[in-house]
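In the order they appear, the protein sequences are chains V and G. Counting from 1, position 55 in the first sequence corresponds to residue 540 in my numbering; the numbering is continuous, with no gaps. Counting from 1, position 239 in the second sequence corresponds to residue 240 in my numbering; the numbering is continuous, with no gaps.
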Amino acid sequence: MKSCDVIVIGAGHNGMTAATLLAHSGRKILLLEAADRPGGMAGSYELAPGYTVPALAHALSGLEASTLDALSLDKHGLQRGEPMPTVGVAPDQAPLVIMGCYGGQISDLSQPQLQAWSDLHKALSFQSAILKRFIASAPPQPDHTSMRLKAEALKAGLAVKRAGKDQLREFLRMVLMPVADVLEETDIDPRLAGLLAFDATLGIAVGPRSPTSILGLYYRLAGQALGTEVPVSVTSLIHALTAAATTAGVQFQFGDAVQNVIVENGVAVGVMTQSGKEFRAANVLSAISPVATFNNLVGPRLLDTGLARDVRTIRTAGNVTKINLALRVRPDLAGVGSQQSRIVFAPDINAVERAFNPSKYGELPEVPCFEAVLSAVGDDAVPDGAAFLSISVQNTPFHLKVGWDQGRNNLLQSVMKVLERLSPGIGKTIAASQVLAPPDIEDGWHVPGGHWHHGEWQVDRLFFNRPVFGAANYRTPIDGLYICGAGTHPGGGVNGLSGLNAAREMMRAGR
Amino acid sequence: MQRPYDVIVIGAGHNGLVNACYLQRAGLNVLVVEKNDWIGGAAVSRELTAGILYSNCSYVCSLFRPEIMRDLELAKHGLQIIAYEGGAVFKQDGDYLASYRNHHAHRREFARHAPRDGEAYERYARDVTRQCRFIQPLLMRTAPDPASLKPRDLGELFYLMKKFNGLTAREMAATVRFWTMSISDYLDEYFEADVVKAYLALAGIIGTALGPMSPGTAYVLLHHYMGEVDGNVGAWGYARGGMGAITQALASSFRASGGIIETGNQVSRVLVTNGRAKGVVMDNGDEHSADTVVSNADVKRTFLKLVEEPDLPIDFVRHVKNFKMRGSSGKVNIALDSLPEFPALPTDSPCIRGDMHFTDTVERMERGYDDWKDGKWSADPFLDMMIPTTIDPTMAPPGQHFMSCFVQYCPPKVRGEDWTDADRDAFGQTVINQIADYSPGFKDRIIHMEVRTPRELEAEVGLTEGNIFQGELTFDQLLFNRPIPGYAQYRSPIDGLYICGSSTHPGGGVMGAPGRNAAIEIIRDLKRSPSHVSPAHEIL
C-alpha cells in the first residue's frame, strides 16, 4: 500500500524546497530526516549555552526572489535583511570594506583602481549573466536540449549579439581562465584581488592559478548579476522553509535515517529506515549526497557497471573546515561595523595560492585563508554583548596525512594566530569552540567526504556531468528514483535551485 | 635596394621553413631571413663538443605532420625518423616501471605494479585514442572565428559541430570532461599505482606552466599523444642526425624549389606604410621589400619588437602583452665518454634506448610546479632524459654518447631577478645530482655539458621568456583564442603581415601545422592555387 506520492529523503534546504513545491501541486509528501531537526547542512545547533548558531552554512549565495515567491516564503516569516558587508582584512594593512554585494561601494580605493574594478565587474557580470540562464532549470544534455533552454540560449545569443563581437570573444577567452590571470590583467587593488581569488576558490579544490578557477566567481556573481539576489539569514530561511513545508501539508519524520531505497523489478517503490520502518510511495526523491544515494541507499549491485564506476569517480573529498567560536566579547576588528559582517582573510593572490599548495598533498596550510561571519551587535542568538564568529577555512583536506585528531588543534591554532594579529586578545574571550573538519561533516551530516558541494564543483562535473552522466537530469536509471541537492546541477550554495529544478522535472514527468 | 620578393619569412625555424616551402611551391618568390648563422630555430643539430652532435632544444619527434613530410618530399631531402623502443621510470625504492611499444608487454608491466592497472590500461588507451581521433583533424584546419558570420567561418563551425554530433551522448559528456580535467584527476579514475600515474602524467605537463593537478592538463597530454611515426599514432622517434635533420631537409626542399635563405642577419623591424606591410629592415641597414611578410617569431616578439606600437590597435597590443608565454623548462645537454649504467634496469634492457624519468609520483611533479610558482627551479625536478646515440650512430664517435635532459620546472626569472651564470650552474648541478643518484659513476663519464635555462633559449632562439611552445597551452590560448581572439587565422591587424609560428593554432611542438595552415591563408589572400597542399587525412 502506498502511504504517499513522493518520499523525500533529507530535510536540507533543497529537500524542503522540492517537498514544498511538490506538495503545492496536491501530492502527498513524506519528508524523512535523519537528524532531529530540519536544515541539514544549513541547520543550527547550540554551540554553548545561549549561543544557537548555524553549524555549517553561514551565508547564502544566489538565493533569488523568484525562489522565495515560488514557495511563498514571505508569508512564512522570512526576514529580509540588508546585504552583509564584506571586509577584507590583513595584518598591517588598511581593511577593505565592500558594502552590499560586489557591485556596491568599496572603501578607500584610488580612482584608477575603482575604474579598473568597475570595468572588470562589468565584464564578469555580463559573462556570469550568460551562464546564469542555464542554472535555473534542468541542465542541457549533450544530445538533447529542452525548448526552455533553447529559448534561453537564443536569448543569450541575442544579448551577446547586442553587446558586440568583442564581448563574445572576451567571454570565450575568459570562461575557463585561472582567476589569478584575469585579475592580474587588470590594475585592481591587491587586497581586492586576494578577496576575489579567495571567493572564486572557496569550497573547490583549486587555487587561483588553476585554470577554470574563474568559474567559482561567476557562480557567486550569478545571483547578483541580474540584481535579484535577496539578503536573508540562513536561520531565517530554514525557519521559513520549514513553516512553508508544514503549511503545504508535507509530513515530516525526524530522527530516523533511511537505510535503503526499496527497489522492486528495477523500480523504486519506497524506503526502509534504520529503525526498520517501511514506507511505500510511487516516487522517491533523494536530496542527500548522490554518492550516498547510489552507494548506500541503492547499492552498486542495482546499478549498471558504467554508472557504478562513474559514481566512484565523483571526487567527494571536502576541503573546507568550519570553526565555530562563541566569544564572550564582540571582538574589535578594524573596518567592521555593528552589522553582521563577512570578514575575509586573503591578503593577496599569492597568499591564497600558497594556502592551496599543501592541501594537494594532504597537508594543512601554514597560514590559512578563511572567511568569518561575525554576528551583529544585539543578535538574539547570542548572549548580550557576546558574539559568534563562524569561520570557514579553505584548503583543509579530508585526507590529512597527520590525521584530523591532531589536525583540528593545529588548524585552530594557526587560525587563532591570524585572529590574534587582527584583534589582539581575542583568544582569551573564547567561551566555546568547535572545529568541524571534513570527516566531522561526513559523520554528522551523512555526506561522504564531507564536501560542501557533495562532490567537486569543477567543469568536468557540471551540467550534464553533474553528478554523473546518465543521472544528470535529476532522474536516475532506476525508475521512480529522483535526486536533487548540492551534488546535482547547478551545485552547492544555499539557494534551493536544485530542489526547485528537480521538483519541476518530476511534475513535468507526471510523477 | 635588392630585387623585390613576393614574400619575406622572418625566422628559419621549422614553421617558417614549412611556410616558405609551401609558398615557394605556389609560385611565389620567397626569401627567408634568419638572425643566427645557422638555420633551424629550436629544431637544430649543433656540435656540443668535438665530434658530438646534439639536438640542443627540441629532442624528439612525433608531432611533425606526415602530410607535410609527403607534400614537401622531406624523405627525398634526407629526413629519416626512427621510432624508439622502451623507456623507464626509476622508482625511489630501487624498482622501475618499463615502457614498451608492444601494447601487451606494456600492459603486463602495468599489471606488475598494480594488477588492476593492466586492465585499466585497455580502457585508458581506448578512451584516449578516441579523444585523439576527435582532435587530430583539427590540427590542420584554420580555427573558425566564432564571432564571425563569414560563410567560411560558419562552415568550419558547422564542421566542428558535425564532428561533435558524430559522438554518442556519453562520448560527448566524456569529451567535455577530458578537455577540462587535470591529468592527475583523469588518471585517478583509471589507475592505482603511483608510478603508473606518474609515467602517464608526464605528457600532461611537458612544456606547460601547469602542474599535473591543474585543470586542462589532460588536454596537454593529448597534444603529446596525437603525433605519429610512420603511421604509429602516439609513437615518438629520433630524427636521424638530430632534430636539425628536419629543418635541413626543409631548407633543402625549399632551395630545390628556388627559395633563398639569408642567415646571420636579424630583422630590426617590419616596414609598415598606411597599415600595410611593405618589407623588412635588417640590423645592418639592408631593406627587403615585399608585399607579404610572414613572421615565424612568437607573437610578443613580432608585435612588440618588430612592429611599431602606433601601427597597431590599442586593444590588440593589450592582448599581446597579456598573452602568457612564461618559460617553464630548461635543458641540460651532456656529452658522455661511455654509456651510463642504471643498476635498477636488467642488463641489456631496451629501456635505456627510450625516455627515462626519475619522478615516480604525481605529488613530486606537482611539488616541482609549486617551486616554479614561487619563482624557483624545482628542487626535485622532473627529467625527460634520453640518449639518442643508443639508436643513432651518426651523432657521436663510437663509444661516446649524447644525453639530452629536458628539465621541468625552470622559471623565466629566478625570484623575479634575471638568471645569473651561478644560478644556471646550480640548476645544472641539481639535474646532474638527480641522475647520479640512480647511475653510479655518472659524473665521471661527463666530457662536457651545456645547461640551458629560459634565458639561453630566449637569447639564442628568440623565444620570449623561453617558452618552448611560443605561448602556453591553456584554454584561453587555444583554437580561436590562439594567439589573440579575432586574430587566430594567421593574419594580423596589419595588411600583408602574417604570423606562422607556434604562437598560432594548433600550437607548439615540432609539428609544422601552424606554418602550413598560415601558408594556406596567404595563398588564399593572394588568390593562388593551394592544389599542392594536401588536406589533413584522418588515419585513425
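By construction, the Cβ of each residue, glycine as well, lies at the ideal position given by its N, Cα and C atoms. A quick note: this is a predicted structure, and the numbers were derived from the prediction, not measured.
Under 8 Å from the C-beta of residue i: neighbouring residues of chain G
i                : result
Tyr703 (chain V) : Chain G residues near Tyr703 (chain V): none, gap ~14 Å exceeds 8 Å.
Lys640 (chain V) : Per Cβ cutoff of 8 Å: no residues; Lys640 (chain V) is ~18 Å from chain G at best.
Lys635 (chain V) : Within chain G, no residue comes near Lys635 (chain V); the closest Cβ sits about 15 Å away, beyond 8 Å.
Lys762 (chain V) : The premise fails here: Lys762 (chain V) is roughly 38 Å from chain G at the closest Cβ pair, so nothing lies under 8 Å.
CA-to-CA distance, residue j to residue i, given in whole angstroms
i                : j                : result
Gly929 (chain V) : Ala988 (chain V) : 26 Å
Pro785 (chain V) : Leu849 (chain V) : 34 Å
Glu364 (chain G) : Phe948 (chain V) : 30 Å
Asp361 (chain G) : Gly847 (chain V) : 18 Å
Arg241 (chain G) : Asn16 (chain G)  : 19 Å
Gly497 (chain V) : Val920 (chain V) : 21 Å
His104 (chain G) : Ser215 (chain G) : 29 Å
Asn469 (chain G) : Ser504 (chain G) : Note on residue identity: the sequence assigns Ile, not Asn, to residue 469 (chain G). About 10 Å.
Leu639 (chain V) : Val462 (chain G) : 48 Å
Pro116 (chain G) : Val837 (chain V) : 39 Å
Val538 (chain V) : Asp864 (chain V) : 11 Å
Leu545 (chain V) : Gln825 (chain V) : 13 Å
Leu548 (chain V) : Asp674 (chain V) : 29 Å
Glu86 (chain G)  : Gly355 (chain G) : 6 Å
Ser258 (chain G) : Val281 (chain G) : 23 Å
Gly510 (chain G) : Cys58 (chain G)  : 11 Å
Ala533 (chain V) : Phe873 (chain V) : 10 Å
Pro853 (chain V) : Val34 (chain G)  : 54 Å
Glu136 (chain G) : Thr248 (chain G) : Per the sequence presented here, residue 136 (chain G) reads as Ile, with Glu not at that position. The straight-line gap from Cα to Cα measures roughly 26 Å.
Ser530 (chain G) : Ile521 (chain G) : 9 Å
Ala174 (chain G) : Pro627 (chain V) : 7 Å
Contact belief for residue i with residue j at Cβ below 8 Å, rounded distance in angstroms
i                : j                : result
Tyr191 (chain G) : Arg124 (chain G) : 6 Å
Lys260 (chain G) : Ala21 (chain G)  : Note that residue 260 (chain G) corresponds to Gly in the displayed sequence, not to Lys. That belief holds up - the Cβ atoms of Gly260 (chain G) and Ala21 (chain G) are roughly 6 Å apart, short of 8 Å.
Arg1 (chain G)   : Val321 (chain G) : Because residue 1 (chain G) is not part of the residues shown, which for chain G are 2 to 541, the question remains open.
Gly238 (chain G) : Val61 (chain G)  : 7 Å
Phe324 (chain G) : Gly472 (chain G) : 6 Å
Trp39 (chain G)  : Thr264 (chain G) : 7 Å
Gly331 (chain G) : Arg446 (chain G) : Between Arg446 (chain G) and Gly331 (chain G) the Cβ distance is about 21 Å, and since that is not below 8 Å, they are no contact.
Residues that residue i contacts on chain G, provided the C-beta gap is smaller than 9 Å
i                : result
Arg997 (chain V) : With chain V represented from 486 up to 996, any question about residue 997 (chain V) goes unanswered, as that position is not in the structure.
Met662 (chain V) : Thr475, Phe476, Asp477
Lys886 (chain V) : Within chain G, no residue comes near Lys886 (chain V); the closest Cβ sits about 11 Å away, beyond 9 Å.
Under 8 Å by beta carbon: chain V residues contacting residue i
i                : result
Glu412 (chain G) : Here the sequence assigns Pro to residue 412 (chain G), which means Glu is not the residue at that position. Those do not exist, as Pro412 (chain G) stays about 14 Å from chain V at its closest Cβ, beyond 8 Å.
Glu583 (chain G) : Nothing about residue 583 (chain G) can be read from this structure; chain G reaches only from 2 to 541.
Contact list for residue i against chain G, beta-carbon separation under 7 Å
i                : result
Leu643 (chain V) : Per Cβ cutoff of 7 Å: no residues; Leu643 (chain V) is ~14 Å from chain G at best.
Arg654 (chain V) : Ala148, Pro486, Gly487
Thr798 (chain V) : Glu190
Under 9 Å from the C-beta of residue i: neighbouring residues of chain V
i                : result
Asn482 (chain G) : Arg654, Leu657, Arg658
Met182 (chain G) : Gln943, Val944, Asp945
Per-residue contacts from residue i into chain V (C-beta, under 7 Å)
i                : result
Thr475 (chain G) : Pro696
Asp195 (chain G) : In chain order: nothing, as chain V lies at least about 13 Å away.
Glu364 (chain G) : Tyr846
is_contact[residue i, chain A] using C-beta, thresh 8 Å
i                : result
Lys513 (chain V) : Protein chains V and G are contained in the structure displayed, whereas chain A is not.
Residues of the stretch 818-851 of chain V with Cβ closer than 7 Å to any Cβ of chain G, in chain order: Glu838, Asn842, Lys845, Tyr846
Chain V contacts from the stretch 124-153 of chain G (Cβ-Cβ distance under 9 Å): Asp146, Pro147, Ala148, Ser149
Near-chain G residues of the stretch 943-954 of chain V - C-beta to any C-beta below 7 Å: Gln943, Val944, Asp945, Phe949, Asn950, Phe954
Interface residues of the stretch 508-538 of chain G facing chain V [CB-CB below 8 Å]: none
Ranges of the alpha helix (DSSP H) found wholly within the stretch 789-835 of chain V, counting only runs of at least 4: 790-797
Residues from the stretch 665-697 of chain V in contact with chain G, defined by Cβ distance under 8 Å: Asp666, Glu670, Val691, Arg694, Ser695, Pro696, Thr697
Chain-ordered residues of the stretch 203-223 of chain G with a beta carbon less than 8 Å from chain V: Leu211, Met214, Ser215, Pro216, Gly217
Residues, ordered as in the chain, of the stretch 317-329 of chain G that lie near chain V by beta-carbon distance below 8 Å: Asn323, Lys325
Against chain G: residues of the stretch 568-597 of chain V by CB proximity under 8 Å: none
Members of the stretch 371-403 of chain G near chain V, C-beta cut-off 9 Å: Asp371, Lys374, Asp375
Near-chain G residues of the stretch 602-627 of chain V - C-beta to any C-beta below 8 Å: Gln626, Pro627
Residues in the stretch 164-177 of chain G having any Cβ partner in chain V nearer than 7 Å: Ala170, Arg171, Met173, Ala174, Val177
Against chain V: residues of the stretch 446-469 of chain G by CB proximity under 9 Å: none
Continuous alpha helix (DSSP H) assignments of at least 4 residues falling wholly in the stretch 519-567 of chain V: 550-555
Near-chain V residues of the stretch 57-84 of chain G (beta-carbon distance less than 9 Å), N- to C-terminal order: none
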